[in-house]
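Counting from 160, one number per residue, gives the positions in the sequence shown under the working numbering. Ideal Cβ positions, reconstructed from N, Cα and C, are used throughout, including at glycine.
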Amino acid sequence: MIPLSLAQIARVTGGQLCHGDPDAVVSGEVVIDSRRAGPGGLFAAVAGERSDGHDFAAAAVAAGATAVLATRPVTVPSVLVADVPAALAALARSVVDALPAVRIAGITGSSGKTSTKDLAAQLVERLGPTIAPAGSYNNEFGHPLTVLRADAATRYLVLELSARGIGHIAYLCRVAPPRYGVVLNVGHAHAGEFGGLDQVARAKGELAEALPADGVAILNADDPRVLAMAERTEARVVTFSSAPGSDAPVRAVDIRLDDLGRPSFTLLTPEGSAPVTLRLHGAHNVPNALAAAALARELGMDLDGIADGLGAAVARSRWRMEVHQRPDGVTVINDAYNANPESVRAAIDALAHLAQGGRAFAILGHMAELGGTSRASHEDIGEYAARIGDSGLAGLIAVGEEAAPLLDGARRVRSWTGEALAAPDGAAVLELLANRLKPSDVVLVKASRAAHLEGVAAALEGEAGQ
Ligand SMILES: Nc1ncnc2c1ncn2[C@@H]1O[C@H](COP(=O)(O)OP(=O)(O)O)[C@@H](O)[C@H]1O
Ligand SMILES: [Mg+2]
160 MIPLSLAQIA
170 RVTGGQLCHG
180 DPDAVVSGEV
190 VIDSRRAGPG
200 GLFAAVAGER
210 SDGHDFAAAA
220 VAAGATAVLA
230 TRPVTVPSVL
240 VADVPAALAA
250 LARSVVDALP
260 AVRIAGITGS
270 SGKTSTKDLA
280 AQLVERLGPT
290 IAPAGSYNNE
300 FGHPLTVLRA
310 DAATRYLVLE
320 LSARGIGHIA
330 YLCRVAPPRY
340 GVVLNVGHAH
350 AGEFGGLDQV
360 ARAKGELAEA
370 LPADGVAILN
380 ADDPRVLAMA
390 ERTEARVVTF
400 SSAPGSDAPV
410 RAVDIRLDDL
420 GRPSFTLLTP
430 EGSAPVTLRL
440 HGAHNVPNAL
450 AAAALARELG
460 MDLDGIADGL
470 GAAVARSRWR
480 MEVHQRPDGV
490 TVINDAYNAN
500 PESVRAAIDA
510 LAHLAQGGRA
520 FAILGHMAEL
530 GGTSRASHED
540 IGEYAARIGD
550 SGLAGLIAVG
560 EEAAPLLDGA
570 RRVRSWTGEA
580 LAAPDGAAVL
590 ELLANRLKPS
600 DVVLVKASRA
610 AHLEGVAAAL
620 EGEAGQ
């Protein structure tokens with residue numbers, strides 16, 4: 160972070176300095192986890208469900224933090240504020256304003272934000288010092304904390320913007336106003352909370368609306384709700400597409416997947432074409448790569464650099480389409496990070512592709528936050544799983560009671576010969592699979608975050624099998 164004195168922090172946040180030297184300087188990281196507090200840093204105390212950060216204020220200062228951002232008095236140097244996220248937002252905005260040379264990109268969409276942000280960051284880093292969040296640091300805490308890592312050396316911020324409601328993205332865009340905005344797709348993630356896809360589109364489009372006239376809106380031409388956002392921005396619009404016959408300026412043609420589902424394609428841009436092979440798994444990473452390419456291109460990267468960078472980019476965030484080949488010949492796809500109808504379909508597509516020549520099993524948990532369409536959405540996914548490939552999945556395991564409609568949907572497919580299995584929890588999944596898996600079988604593990612199926616995936620990955 161750029162060095163700020165406690166007096167400056169108090170002024171920017173409208174807070175009150177307590178027990179501290181106004182000239183003491185914060186130059187280290189701003190954190191909300193006291194265990195990560197370090198020399199010269201600022202610890203923001205947040206009251207969570209299980210613990211209250213204020214109880215760790217002294218420990219953070221003992222670990223070297225210059226001060227604590229707090230909402231009630233603590234015994235160590237602190238800036239007392241009314242609202243910690245608002246204070247972090249104000250601080251982040253002041254850092255952005257102090258660094259006018261930094262170019263800011265925001266990435267949003269219902270699925271693929273983190274994957275695209277990780278791809279884009281790995282391209283943009285080749286152009287100069289870049290700050291991008293770790294994992295999904297994309298909300299009212301993670302976003303300002305990421306922005307606060309910027310300093311005088313920083314040239315680019317590549318940010319992931321998430322929304323659970325109208326106004327959230329507009330808010331994040333005020334914290335760090337992007338000049339480049341990428342919108343990937345409008346899908347059912349959190350659609351229940353939003354009240355339908357049109358509301359999701361309204362929310363995601365706030366990124367397009369926030370862009371200035373000299374900015375660039377990078378929109379997915381293959382998603383009509385995203386393309387329609389062109390009407391909602393003053394910025395220049397650049398589209399990308401992986402659909403056959405598209406005339407989008409940035410597009411992929413000749414898309415193929417290798418045995419492990421890694422896409423190759425020809426990247427077409429106005430400057431020419433270049434072959435790309437991704438290290439990431441799943442056809443859904445093609446639009447993600449195109450979005451990253453379009454952004455890097457706007458930032459001045461040449462076509463060869465983009466193609467080379469995409470080919471070198473690795474998965475930086477865990478539990479997204481991790482493909483693990485066991486010594487006994489079973490392949491495990493760990494996609495346990497999150498689940499919504501679009502991302503489960505994408506993962507089932509990848510599963511079916513990997514399982515050519517073997518059997519496919521899907522272990523699926525509940526998709527959260529779908530609202531009134533939840534049951535129908537689960538049934539549709541079950542049906543999709545039963546129809547995929549030549550004969551559908553060999554086995555569909557629904558984990559937990561809420562996931563049971565998946566099985567009802569699969570059973571709708573009369574011709575399906577696979578097994579529909581219910582498991583109350585992860586341990587039951589492992590038991591069901593113990594005698595079933597054979598060499599060349601492929602197993603997908605996917606659910607919403609709350610289901611914590613990554614433990615099941617880890618257990619499956621570690622199992623040598625017989
Ligand atoms: N462009 C996409 N379209 C559909 N599904 C996708 C896309 N990109 C990723 N996914 C799926 O969504 C999961 C989560 O991806 P992630 O990049 O973490 O998205 P987000 O940050 O938006 O939650 C992936 O593991 C994959 O199954
Ligand atoms: Mg994410």
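Which runs of the beta strand (DSSP E) fall wholly inside the region 171–223 and span at least 3 residues, in chain order?
Qualifying beta strand (DSSP E) stretches, in chain order: 175–177, 201–203.
Would the beta-carbon of THR698 be found less than 7 Å away from any heavy atom of ligand 2?
The requested residue 698 is not part of the displayed model; the chain covers only 160 to 625.
Sorted by chain position, which residues of the same chain lie with C-beta nearer than 6 Å to PHE215's C-beta, five sequence neighbours on each side aside?
Same-chain partners within the cutoff: SER193.
Taking the alpha-carbon positions, what's the SER536 to GLU188 distance?
Taking the straight line joining both Cα atoms gives about 42 Å.
Return yes when the Cβ of LEU370 is within less than 8 Å of the Cβ of GLU393, no when it is not.
Yes, the Cβ-Cβ distance between GLU393 and LEU370 is below 8 Å.
How big is the Cα-Cα spacing for ALA623 and ARG485?
The predicted model places ALA623 with a pLDDT of 49, which falls under 50 and marks its position as unreliable; any figure quoted below should be read in that light. Taking the straight line from one Cα to the other gives about 6 Å.
Anyone know if the C-beta pair for SER599 and GLY516 falls short of 8 Å?
Cβ distance < 8 Å, so SER599 and GLY516 count as in contact.
For GLN484, report the span of its beta strand (DSSP E) as first-last.
From DSSP, the beta strand (DSSP E) with GLN484 extends over 481–484.
Comparing C-alpha positions only, which one of THR490, LEU278, SER502 sits nearest to ALA472?
It is LEU278.
Could you give the uninterrupted runs of the beta strand (DSSP E) lying entirely in the region 514–543, keeping only those of 3 residues or more?
Segments of the beta strand (DSSP E) lying fully in the region 514–543: 519–523.
Quick check: is any heavy atom of ligand 1 less than 7 Å from the C-beta of ALA198?
The sequence shown places Pro at residue 198, not Ala. Incorrect: PRO198 has no Cβ contact closer than 7 Å to ligand 1.
Is MET480 near ligand 1, judged by its Cβ being under 7 Å from some heavy atom?
MET480: yes, Cβ under 7 Å from ligand 1.
Indicate the three-state DSSP secondary structure (helix, strand or coil) for LYS597 in the structure shown.
DSSP places LYS597 in coil when its eight states are reduced to three.
For SER607, which residues in the same chain have their Cβ closer than 7 Å to its Cβ, ignoring the five residues on either side in sequence?
Hits under 7 Å: ASN497, ALA498, GLY524, HIS525, MET526, ALA527.
Any heavy atom of ligand 1 inside 7 Å of the beta-carbon of SER536?
Every heavy atom of ligand 1 is 7 Å or more from the Cβ of SER536, so no.
Between ARG518 and ALA511, what straight-line distance do the alpha-carbon atoms span, to the nearest angstrom?
Roughly 9 Å between the two C-alpha positions.
Is DSSP giving ASP357 helix, strand or coil here?
Of the three classes helix, strand and coil, the one that applies to ASP357 here is helix, per DSSP.
Closer than 8 Å is the cut-off here; do at least three beta carbon pairs connect the region 293–307 with the region 370–388?
With the cut-off at 8 Å, the region 293–307 and the region 370–388 do not touch.
Thinking just about the alpha-carbon of each residue, which of ALA226, ALA219, ALA204 is nearest to the one in ALA241?
Of the listed residues, the one whose Cα sits closest to ALA241 is ALA204.
By DSSP's criteria, PHE424 is part of a beta bridge. Which residues make up the other side?
Per DSSP, VAL435.
Cutting at 7 Å between CB atoms, please list the residues of its own chain near HIS443, excluding the five before and the five after it.
Cβ neighbours of HIS443 beyond the five flanking positions: GLY271, ALA505.
List the DSSP bridge partners of TYR339.
BP columns for TYR339 point to ALA264, VAL375.
Taking 8 Å as the limit between beta carbons, can you name the residues of its chain near LEU356, skipping five residues before and five after?
Answer for LEU356: VAL345, GLY346, HIS347, ALA350, ARG384, listed in chain order.
For LEU250, report the span of its alpha helix (DSSP H) as first-last.
Unbroken alpha helix (DSSP H) run through LEU250: 243–257.
Helix, strand or coil for GLY624? Go by DSSP, reduced to three states.
With a pLDDT of only 43 at GLY624, under 50, the local geometry of the prediction cannot be trusted, and the value read off the model is given with reservation. GLY624: coil per DSSP, three-state reduction.
Distance, Cα to Cα, VAL572 vs ALA196?
Rounded to the nearest angstrom, the two C-alpha atoms are 55 Å apart.
What's the gap between the Cα of VAL445 and the Cα of GLU620?
Computed Cα separation, rounded: 26 Å.
Would you mind working out which of LEU589, SER533, THR313 sits nearest GLY287, comparing C-alpha positions?
Checking every option, the nearest Cα to that of GLY287 belongs to THR313.
Could you compute how far the alpha carbon of HIS440 sits from the alpha carbon of ALA169?
Taking the straight line from one Cα to the other gives about 47 Å.
Could you round the C-beta distance between LEU568 and PRO583 to whole angstroms and report it? I think they count as a contact, below 8 Å.
According to the sequence provided, residue 568 is Gly. The question's Leu does not apply to it. Wrong, their Cβ atoms sit about 19 Å apart, outside the cutoff.
Going straight from the alpha carbon of GLY207 to that of HIS213, what length do you get?
Each residue's alpha carbon lies about 10 Å from the other.
Taking the C-alpha atoms as reference points, what is the distance between LEU603 and ASP539?
Rounded to whole angstroms, LEU603 to ASP539 spans 18 Å at the Cα level.
Just to confirm before moving on: does the CB-CB distance between PHE399 and ILE377 stay below 8 Å?
Result yes, Cβ atoms of PHE399 and ILE377 sit closer than 8 Å.
Say the cut is 7 Å; is the CB of HIS483 nearer than that to a heavy atom of ligand 1?
The answer is no for HIS483.
What residue range does the alpha helix (DSSP H) around SER274 cover?
It spans 272–283 - the alpha helix (DSSP H) in which SER274 sits, taken as one unbroken run.
For VAL396, which residues of its own chain have a beta-carbon under 7 Å away from its beta-carbon, when the five flanking residues on both sides are left out?
Cβ neighbours of VAL396 beyond the five flanking positions: ALA376, LEU378, ALA389.
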